[in-house]
Amino acid sequence: MSRDARIAAPRRSLLAAAGVALLARPALAQARPIQLVVPFAAGGGTDIVARHFANAASRFGTTMVVMPMPGGGGARGSRYVLDAAADGNTLLFGTMGSNVLTPMMNDVGFQPDSFAPVAIIAATTHVFCVAGTSPIQTMTDLLAAARRRSVSYSSAGVGSVGHVLMEVFARRTNTEFLHVPYTGSAGALAAVLGGHVDMTLPTTGSALPSIRDGQIRPLAVTAANRSVEAPDIPTTREAGVDVLVANWRGILAPPGTPAATRSALTDLSRRIVADPEFVRQASHAEGEPPIFVDGDGFGRQIAAEMAEYRDVIATMRRT
(Lines of atoms letter the chains of each structure in order from A and count residues from 1; the text may use other names and numbers.)
(Lines give C-alpha, C1' and ligand atoms only; values in the text may rest on other atoms or scores of the structure.)
Protein backbone atom coordinates (compact mmCIF):
# COMPACT_ATOMS: atom_id res chain seq x y z
CA MET A 1 0.00 0.00 0.00
CA SER A 2 1.39 2.78 -0.79
CA ARG A 3 3.28 4.75 1.54
CA ASP A 4 0.81 7.60 1.70
CA ALA A 5 3.18 9.81 -0.28
CA ARG A 6 2.95 7.58 -3.37
CA ILE A 7 -0.69 8.47 -3.77
CA ALA A 8 -1.52 11.53 -1.72
CA ALA A 9 1.53 13.81 -1.99
CA PRO A 10 0.88 14.98 -5.54
CA ARG A 11 -2.81 15.63 -4.76
CA ARG A 12 -2.82 19.40 -5.29
CA SER A 13 -0.68 19.42 -8.42
CA LEU A 14 -2.74 16.63 -9.96
CA LEU A 15 -5.95 18.48 -9.31
CA ALA A 16 -4.51 21.66 -10.76
CA ALA A 17 -3.34 19.87 -13.88
CA ALA A 18 -6.70 18.19 -14.26
CA GLY A 19 -8.43 21.53 -13.95
CA VAL A 20 -6.44 22.89 -16.88
CA ALA A 21 -7.59 19.90 -18.90
CA LEU A 22 -11.27 20.56 -18.17
CA LEU A 23 -12.23 21.57 -21.70
CA ALA A 24 -15.26 20.78 -23.82
CA ARG A 25 -14.79 17.31 -25.27
CA PRO A 26 -17.09 14.69 -26.77
CA ALA A 27 -18.69 12.29 -24.31
CA LEU A 28 -17.52 8.71 -24.11
CA ALA A 29 -19.25 6.79 -26.86
CA GLN A 30 -21.71 4.27 -25.38
CA ALA A 31 -24.59 2.22 -26.68
CA ARG A 32 -26.01 1.65 -23.19
CA PRO A 33 -25.35 2.79 -19.61
CA ILE A 34 -22.05 1.66 -18.14
CA GLN A 35 -22.42 -0.81 -15.30
CA LEU A 36 -20.19 0.42 -12.48
CA VAL A 37 -19.84 -2.58 -10.18
CA VAL A 38 -19.07 -1.89 -6.53
CA PRO A 39 -17.83 -5.11 -4.88
CA PHE A 40 -19.26 -4.11 -1.49
CA ALA A 41 -22.68 -3.50 0.04
CA ALA A 42 -24.80 -0.48 -0.78
CA GLY A 43 -24.45 2.42 1.63
CA GLY A 44 -20.80 1.85 2.51
CA GLY A 45 -18.00 4.31 1.81
CA THR A 46 -16.99 2.74 -1.51
CA ASP A 47 -20.59 2.69 -2.72
CA ILE A 48 -21.16 6.33 -1.73
CA VAL A 49 -18.09 7.58 -3.60
CA ALA A 50 -19.00 5.44 -6.62
CA ARG A 51 -22.44 7.08 -6.74
CA HIS A 52 -20.87 10.53 -6.60
CA PHE A 53 -18.56 9.45 -9.44
CA ALA A 54 -21.49 8.17 -11.53
CA ASN A 55 -23.46 11.36 -10.94
CA ALA A 56 -20.48 13.43 -12.04
CA ALA A 57 -20.09 11.26 -15.17
CA SER A 58 -23.62 12.21 -16.19
CA ARG A 59 -22.59 15.87 -16.17
CA PHE A 60 -20.06 14.95 -18.87
CA GLY A 61 -22.60 13.06 -20.97
CA THR A 62 -21.84 9.52 -19.77
CA THR A 63 -24.51 7.42 -18.05
CA MET A 64 -23.39 5.00 -15.34
CA VAL A 65 -25.50 2.67 -13.22
CA VAL A 66 -23.95 1.69 -9.89
CA MET A 67 -24.34 -2.02 -9.09
CA PRO A 68 -23.42 -3.06 -5.52
CA MET A 69 -22.30 -6.69 -5.57
CA PRO A 70 -20.91 -7.65 -2.14
CA GLY A 71 -19.34 -10.96 -1.21
CA GLY A 72 -15.99 -12.55 -0.55
CA GLY A 73 -14.21 -9.38 0.50
CA GLY A 74 -14.85 -7.89 -2.92
CA ALA A 75 -14.17 -11.09 -4.89
CA ARG A 76 -17.73 -11.66 -6.13
CA GLY A 77 -18.11 -8.30 -7.82
CA SER A 78 -14.56 -8.39 -9.12
CA ARG A 79 -15.08 -11.78 -10.77
CA TYR A 80 -18.26 -10.48 -12.40
CA VAL A 81 -16.29 -7.71 -14.09
CA LEU A 82 -13.39 -10.02 -14.89
CA ASP A 83 -15.75 -12.20 -16.95
CA ALA A 84 -17.60 -9.30 -18.60
CA ALA A 85 -17.16 -8.25 -22.22
CA ALA A 86 -14.09 -6.04 -22.68
CA ASP A 87 -16.06 -3.25 -24.34
CA GLY A 88 -16.01 -0.55 -21.66
CA ASN A 89 -19.65 -1.12 -20.69
CA THR A 90 -18.86 -2.97 -17.45
CA LEU A 91 -16.34 -1.48 -15.03
CA LEU A 92 -15.20 -2.22 -11.49
CA PHE A 93 -15.05 0.43 -8.77
CA GLY A 94 -12.35 -1.42 -6.85
CA THR A 95 -10.18 -0.74 -3.83
CA MET A 96 -6.81 -1.81 -2.57
CA GLY A 97 -8.61 -4.11 -0.16
CA SER A 98 -10.77 -5.87 -2.74
CA ASN A 99 -8.25 -5.98 -5.56
CA VAL A 100 -4.82 -6.29 -3.95
CA LEU A 101 -5.21 -7.70 -0.45
CA THR A 102 -8.12 -10.09 -1.06
CA PRO A 103 -6.50 -11.93 -4.02
CA MET A 104 -3.17 -12.04 -2.18
CA MET A 105 -4.84 -13.54 0.89
CA ASN A 106 -7.07 -16.11 -0.81
CA ASP A 107 -7.62 -18.06 -4.01
CA VAL A 108 -10.45 -15.97 -5.46
CA GLY A 109 -10.01 -16.56 -9.19
CA PHE A 110 -8.03 -13.45 -10.04
CA GLN A 111 -4.79 -11.67 -9.19
CA PRO A 112 -4.17 -8.00 -8.35
CA ASP A 113 -2.91 -7.42 -11.89
CA SER A 114 -5.71 -9.34 -13.66
CA PHE A 115 -7.62 -6.20 -14.63
CA ALA A 116 -6.89 -3.29 -16.94
CA PRO A 117 -6.25 -0.26 -14.69
CA VAL A 118 -8.04 2.90 -15.81
CA ALA A 119 -7.56 5.48 -13.03
CA ILE A 120 -7.33 6.02 -9.30
CA ILE A 121 -9.89 8.66 -8.38
CA ALA A 122 -9.71 8.75 -4.55
CA ALA A 123 -7.64 7.45 -1.65
CA THR A 124 -9.04 7.12 1.85
CA THR A 125 -7.03 6.92 5.05
CA HIS A 126 -7.94 4.98 8.19
CA VAL A 127 -8.17 6.11 11.78
CA PHE A 128 -7.36 4.22 14.99
CA CYS A 129 -10.51 4.53 17.11
CA VAL A 130 -11.71 3.52 20.57
CA ALA A 131 -15.05 4.09 22.26
CA GLY A 132 -15.67 7.58 23.61
CA THR A 133 -15.81 6.10 27.12
CA SER A 134 -12.54 4.14 26.78
CA PRO A 135 -9.70 4.92 29.20
CA ILE A 136 -7.36 4.82 26.18
CA GLN A 137 -6.71 8.44 25.20
CA THR A 138 -3.67 8.26 22.90
CA MET A 139 -1.62 5.87 20.78
CA THR A 140 0.84 5.70 23.66
CA ASP A 141 -2.00 4.50 25.91
CA LEU A 142 -3.00 1.93 23.28
CA LEU A 143 0.49 0.45 23.11
CA ALA A 144 0.81 0.42 26.90
CA ALA A 145 -2.54 -1.38 27.20
CA ALA A 146 -1.50 -3.97 24.60
CA ARG A 147 1.63 -4.75 26.61
CA ARG A 148 -0.39 -5.25 29.80
CA ARG A 149 -3.37 -7.22 28.56
CA SER A 150 -5.20 -8.56 25.53
CA VAL A 151 -6.55 -5.69 23.44
CA SER A 152 -9.18 -6.63 20.86
CA TYR A 153 -9.98 -4.92 17.58
CA SER A 154 -12.69 -5.33 14.97
CA SER A 155 -12.25 -5.28 11.21
CA ALA A 156 -14.40 -5.54 8.10
CA GLY A 157 -13.20 -9.12 7.66
CA VAL A 158 -10.19 -11.40 7.31
CA GLY A 159 -7.83 -9.86 4.78
CA SER A 160 -9.47 -6.44 4.94
CA VAL A 161 -7.35 -3.31 5.02
CA GLY A 162 -7.95 -2.96 8.76
CA HIS A 163 -6.79 -6.53 9.37
CA VAL A 164 -3.59 -6.15 7.35
CA LEU A 165 -2.92 -2.72 8.79
CA MET A 166 -3.10 -4.05 12.34
CA GLU A 167 -0.74 -6.90 11.46
CA VAL A 168 1.78 -4.36 10.18
CA PHE A 169 1.21 -2.12 13.21
CA ALA A 170 1.66 -5.00 15.66
CA ARG A 171 4.91 -6.12 14.03
CA ARG A 172 6.39 -2.65 13.97
CA THR A 173 5.51 -1.99 17.61
CA ASN A 174 6.26 -5.51 18.91
CA THR A 175 2.74 -5.94 20.26
CA GLU A 176 -0.17 -8.35 19.78
CA PHE A 177 -3.87 -7.69 19.33
CA LEU A 178 -6.91 -9.99 19.26
CA HIS A 179 -8.60 -9.84 15.86
CA VAL A 180 -12.42 -9.97 15.78
CA PRO A 181 -13.54 -9.98 12.12
CA TYR A 182 -16.99 -8.84 11.02
CA THR A 183 -18.67 -9.02 7.62
CA GLY A 184 -18.34 -5.32 6.90
CA SER A 185 -17.13 -1.98 8.19
CA ALA A 186 -20.52 -1.06 9.69
CA GLY A 187 -20.48 -4.11 11.96
CA ALA A 188 -16.88 -3.48 12.94
CA LEU A 189 -17.67 0.07 14.01
CA ALA A 190 -20.83 -1.02 15.85
CA ALA A 191 -18.73 -3.51 17.83
CA VAL A 192 -16.72 -0.66 19.33
CA LEU A 193 -19.81 1.45 19.97
CA GLY A 194 -21.42 -1.52 21.73
CA GLY A 195 -18.37 -2.21 23.89
CA HIS A 196 -17.72 -5.64 22.36
CA VAL A 197 -14.14 -4.83 21.27
CA ASP A 198 -11.57 -2.28 22.37
CA MET A 199 -10.80 -0.59 19.06
CA THR A 200 -11.26 -0.54 15.29
CA LEU A 201 -9.76 1.07 12.18
CA PRO A 202 -12.54 2.49 9.99
CA THR A 203 -11.93 4.74 7.03
CA THR A 204 -11.63 8.34 8.12
CA GLY A 205 -14.76 9.41 6.24
CA SER A 206 -16.95 6.68 7.70
CA ALA A 207 -15.69 7.40 11.24
CA LEU A 208 -16.24 11.17 11.20
CA PRO A 209 -19.96 11.20 12.19
CA SER A 210 -19.29 9.06 15.27
CA ILE A 211 -16.17 11.08 16.09
CA ARG A 212 -18.07 14.36 15.88
CA ASP A 213 -20.85 13.18 18.21
CA GLY A 214 -18.33 11.80 20.71
CA GLN A 215 -19.28 8.15 20.40
CA ILE A 216 -15.77 7.15 19.37
CA ARG A 217 -12.42 8.73 20.13
CA PRO A 218 -9.84 9.02 17.33
CA LEU A 219 -6.24 8.27 18.29
CA ALA A 220 -4.42 8.84 14.99
CA VAL A 221 -5.03 8.95 11.26
CA THR A 222 -2.88 6.84 8.93
CA ALA A 223 -1.69 9.71 6.75
CA ALA A 224 1.33 11.93 6.27
CA ASN A 225 -0.85 15.00 6.81
CA ARG A 226 -3.87 15.69 8.98
CA SER A 227 -7.32 15.25 7.45
CA VAL A 228 -8.82 18.42 5.99
CA GLU A 229 -12.18 17.34 7.45
CA ALA A 230 -10.79 16.57 10.92
CA PRO A 231 -7.61 18.59 11.48
CA ASP A 232 -7.59 17.92 15.23
CA ILE A 233 -6.74 14.22 14.77
CA PRO A 234 -2.95 13.65 14.89
CA THR A 235 -1.24 11.57 12.25
CA THR A 236 0.36 8.25 13.11
CA ARG A 237 3.77 9.84 12.57
CA GLU A 238 2.93 12.59 15.03
CA ALA A 239 1.86 9.84 17.44
CA GLY A 240 5.25 8.16 17.04
CA VAL A 241 4.23 5.24 14.79
CA ASP A 242 5.30 5.12 11.13
CA VAL A 243 2.25 3.41 9.63
CA LEU A 244 0.82 5.17 6.57
CA VAL A 245 -2.12 3.86 4.56
CA ALA A 246 -3.94 5.30 1.57
CA ASN A 247 -6.57 2.81 0.46
CA TRP A 248 -7.27 3.78 -3.15
CA ARG A 249 -10.58 3.64 -4.94
CA GLY A 250 -10.16 3.19 -8.66
CA ILE A 251 -11.72 2.27 -11.97
CA LEU A 252 -10.70 -1.12 -13.39
CA ALA A 253 -11.77 -2.63 -16.71
CA PRO A 254 -11.93 -6.26 -17.86
CA PRO A 255 -8.66 -7.59 -19.27
CA GLY A 256 -8.34 -7.03 -22.99
CA THR A 257 -10.27 -3.76 -23.02
CA PRO A 258 -9.02 -1.82 -26.09
CA ALA A 259 -6.48 0.93 -25.45
CA ALA A 260 -8.73 3.57 -27.05
CA THR A 261 -11.59 2.66 -24.71
CA ARG A 262 -9.32 2.73 -21.65
CA SER A 263 -7.93 6.10 -22.75
CA ALA A 264 -11.42 7.56 -23.06
CA LEU A 265 -12.35 6.25 -19.62
CA THR A 266 -9.12 7.61 -18.13
CA ASP A 267 -9.85 11.02 -19.66
CA LEU A 268 -13.40 10.96 -18.26
CA SER A 269 -12.03 10.07 -14.80
CA ARG A 270 -9.55 12.96 -14.99
CA ARG A 271 -12.35 15.41 -15.73
CA ILE A 272 -14.57 14.03 -12.97
CA VAL A 273 -11.80 14.41 -10.38
CA ALA A 274 -11.53 18.09 -11.38
CA ASP A 275 -15.31 18.64 -11.16
CA PRO A 276 -15.98 21.00 -8.22
CA GLU A 277 -19.15 19.22 -7.12
CA PHE A 278 -17.44 15.83 -7.12
CA VAL A 279 -14.51 17.30 -5.19
CA ARG A 280 -16.91 18.66 -2.57
CA GLN A 281 -18.91 15.43 -2.26
CA ALA A 282 -15.91 13.07 -2.25
CA SER A 283 -14.02 15.21 0.27
CA HIS A 284 -16.98 15.09 2.65
CA ALA A 285 -17.39 11.32 2.21
CA GLU A 286 -13.70 10.41 2.47
CA GLY A 287 -12.31 13.05 4.80
CA GLU A 288 -9.80 13.83 2.04
CA PRO A 289 -10.03 15.47 -1.41
CA PRO A 290 -10.11 13.12 -4.42
CA ILE A 291 -6.97 12.49 -6.44
CA PHE A 292 -6.17 11.37 -9.96
CA VAL A 293 -3.63 8.77 -11.12
CA ASP A 294 -3.75 7.56 -14.72
CA GLY A 295 -3.78 3.94 -15.85
CA ASP A 296 0.00 3.57 -16.10
CA GLY A 297 0.52 5.03 -12.65
CA PHE A 298 -2.30 2.87 -11.31
CA GLY A 299 -0.58 -0.24 -12.64
CA ARG A 300 2.66 0.76 -10.95
CA GLN A 301 0.79 1.38 -7.70
CA ILE A 302 -0.67 -2.14 -7.75
CA ALA A 303 2.75 -3.66 -8.47
CA ALA A 304 4.30 -1.70 -5.59
CA GLU A 305 1.60 -2.86 -3.17
CA MET A 306 2.02 -6.48 -4.21
CA ALA A 307 5.74 -6.22 -3.45
CA GLU A 308 5.21 -4.37 -0.18
CA TYR A 309 2.65 -6.75 1.31
CA ARG A 310 3.74 -10.10 -0.08
CA ASP A 311 5.83 -11.10 2.95
CA VAL A 312 3.35 -9.79 5.52
CA ILE A 313 0.39 -11.57 3.97
CA ALA A 314 2.34 -14.80 3.49
CA THR A 315 2.99 -15.08 7.22
CA MET A 316 -0.02 -13.40 8.83
CA ARG A 317 -2.80 -15.17 10.67
CA ARG A 318 -5.93 -15.95 8.67
CA THR A 319 -8.25 -15.33 11.63
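Residue numbering for the sequence shown is -29 to -1, 1 to 290, as defined by mature numbering (1 follows the signal peptide of the UniProt record, and there is no 0). We treat Cβ as the ideally placed atom computed from N, Cα and C, and that holds for glycine.
Pick from the options that is closest to residue i, judged by C-alpha positions
i, options, result
"PHE99", "THR109, GLY155 and ILE91", "THR109"
"residue 294", "LEU72, VAL264, LEU179 and GLY211", "Residue coverage of the chain in this structure runs from -29 to 290, which leaves residue 294 outside it and unanswerable."
"ASN60", "THR96, VAL37 and ALA102", "VAL37"
"ALA31", "ASP238, GLY158, SER121 and ILE262", "The sequence as given places Phe at residue 31; Ala does not occur at that position. The shortest Cα separation from PHE31 among ASP238, GLY158, SER121 and ILE262 belongs to ASP238."
"ALA231", "ARG22, GLY42, ALA57 and ALA21", "ALA57"
"ALA55", "SER85, ASP18 and ILE19", "SER85"
"THR33", "THR73, VAL168, ALA235 and GLY16", "ALA235"
"GLY133", "ARG119, MET170 and GLU259", "MET170"
"GLY185", "MET75, ARG271, ALA116 and ALA102", "ALA102"
"GLU147", "ALA191, ILE273, SER121 and THR17", "SER121"
"ALA93", "PRO226, THR17, ALA13 and PRO229", "THR17"
"SER156", "ALA2, ARG3 and ALA13", "ALA13"
"PRO173", "ARG3, GLY15 and ALA2", "GLY15"
Collapsed DSSP secondary structure at residue i in the structure displayed
i, result
"GLY266", "helix"
"TYR124", "strand"
"ALA(-6)", "Here the model assigns ALA(-6) a pLDDT of 35, short of 50, so the residue's position is not dependable and the matter cannot be decided."
"VAL98", "strand"
"GLY65", "strand"
"MET35", "strand"
"MET137", "helix"
"ARG220", "strand"
"ALA231", "helix"
"VAL250", "helix"
"ARG30", "helix"
"GLN272", "helix"
9 Å Cβ cutoff met for residue i and residue j
i, j, result
"GLU279", "GLY176", "no"
"GLY68", "ALA127", "yes"
"ARG233", "GLY211", "no"
"MET40", "PHE24", "no"
"LEU53", "ILE5", "no"
"GLY48", "VAL8", "yes"
"PRO83", "MET277", "yes"
"GLY158", "SER125", "yes"
"LEU164", "ASN70", "no"
"ALA73", "ALA217", "The sequence given here places Thr at residue 73; Ala does not occur at that position. No, these two residues do not count as a Cβ contact at 9 Å."
Distance cut-off 8 Å: residue i Cβ against heavy atoms of the ligand FAD
i, result
"LEU215", "With respect to the ligand FAD, the structure shown offers nothing to examine, as it has no ligands at all."
Whole-Å CB distance - residue i paired with residue j, under 8 Å assumed
i, j, result
"ALA27", "VAL79", "Not quite, the Cβ-Cβ distance comes to about 30 Å (not below 8 Å), so this is no contact."
"PHE269", "PRO88", "4 Å"
Cβ shell of residue i (< 6 Å), same chain only, five flanking positions each side left out
i, result
"ARG(-5)", "Here the model assigns ARG(-5) a pLDDT of 44, short of 50, so the residue's position is not dependable, and the following value carries that caveat. Around ARG(-5): no qualifying Cβ."
"PRO189", "VAL98, CYS100, ILE182 and ILE204"
"ARG50", "GLY80"
"VAL264", "ILE91"
Nonlocal neighbours in the same chain, by C-beta distance under 8 Å from residue i, ignoring five residues either side
i, result
"GLY214", "One point to set straight first is that residue 214 is Val, not Gly, in the sequence displayed. So the list reads LEU136, VAL139, PHE140, ARG143, THR193 and THR207, once near-sequence residues are dropped."
"HIS255", "GLY176 and GLU200"
Own chain residues within Cβ distance below 7 Å of residue i, not counting five before or after
i, result
"VAL168", "SER123, TYR124, SER125, VAL151 and ALA162"
"LEU(-8)", "Since pLDDT at LEU(-8) reaches only 37, below the 50 mark, its modelled position is unreliable, and the value read off the structure follows with that caveat. So the qualifying residues of the chain are ARG242 and ALA245."
"GLY227", "ALA57"
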